[in-house]
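Novice: Here you go, one structure.
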Amino acid sequence: LSTRSSLVGAGLFSPLPAETMSLGSFVHTSLDGMQTSVSFSLDGDNCLVCSTTCVNVLPTADPKSDKPSNSGQVSLESATKKLDNYKLQRPETLSGDSIDDIKAKIVAANPAKPAAEAAAAASSWSTVEDY
Numbered sequence: 508l509s510t511r512s513s514l515v516g517a518g519l520f521s522p523l524p525a526e527t528m529s530l531g532s533f534v535h536t537s538l539d540g541m542q543t544s545v546s547f548s549l550d551g552d553n554c555l556v557c558s559t560t561c562v563n564v565l566p567t568a569d570p571k572s573d574k575p576s577n578s579g580q581v582s583l584e585s586a587t588k589k590l591d592n593y594k595l596q597r598p599e600t601l602s603g604d605s606i607d608d609i610k611a612k613i614v615a616a617n618p619a620k621p622a623a624e625a626a627a628a629a630s631s632w633s634t635v636e637d638y
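Everything in the sequence shown is counted per our numbering, starting at 508 for the first residue and increasing by one.
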């Protein structure tokens, strides 16, 4: 969390509002023992949030090892592309909510653009002629 806090402070991530509405989650377990949990939700600003956590589930894994995770606002396009890529994985490596159901909920929710994307679109840039 301290890393995310510093990134929020640097303006690279938007802080996540406390209120969220779950749109579904699933787990992908790869053949090398890595388990990736992915969840999608809407935050209080109606922006789509994707949270991902990776864990090594092999019996030989150190129980004290890091469990990298990240969470942040994502665009509708980014989320649907991620879901389409997971759908290409072998079905027996996936568990949890149906990827098609999650994708349908996300599309139906019509999420707002991520705050960083909206801010970039709102900023005005002007070109200056080179002398």
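Note that beta-carbon positions come from the ideal geometry of N, C-alpha and C, so glycine has one too.
#1: Cβ of Ser576 within 8 Å of Cβ of Ser558?
#2: For Ser585, which option in Val614, Ala629 and Lys571 has the closest C-alpha, if you only look at C-alpha atoms?
#3: DSSP three-state call for Thr560: helix, strand or coil?
#4: Spatial neighbours of Lys645 within its chain, please: CB distance less than 8 Å, with the 5 preceding and 5 following residues excluded, ordered by chain position.
#5: Would you mind reading off the limits of the alpha helix (DSSP H) that contains Thr587?
#6: Where does Leu565 land, buried or exposed, given buried means 16+ other C-beta within 10 angstroms?
Specialist: Looking at the atomic coordinates:
#1: Along the sequence shown, one-based indexing puts residue 576 at 69. Along the sequence shown, one-based indexing puts residue 558 at 51. Their beta carbons are under 8 Å apart, which means Ser576 touches Ser558 by this criterion.
#2: Walking along the sequence shown from the start, residue 585 turns up at place 78. Closest option to Ser585, Cα to Cα, is Val614.
#3: Along the sequence shown, read from residue 1 onward, the residue named residue 560 stands at position 53. Thr560 falls in the strand class under three-state DSSP.
#4: Here the chain has residues from 508 to 638 only, and residue 645 is not among them.
#5: The residue given as residue 587 occupies position 80 in the sequence shown. Its alpha helix (DSSP H) spans residues Leu583 to Lys594.
#6: On the sequence shown, position 58 is the one that residue 565 refers to. Exposed.
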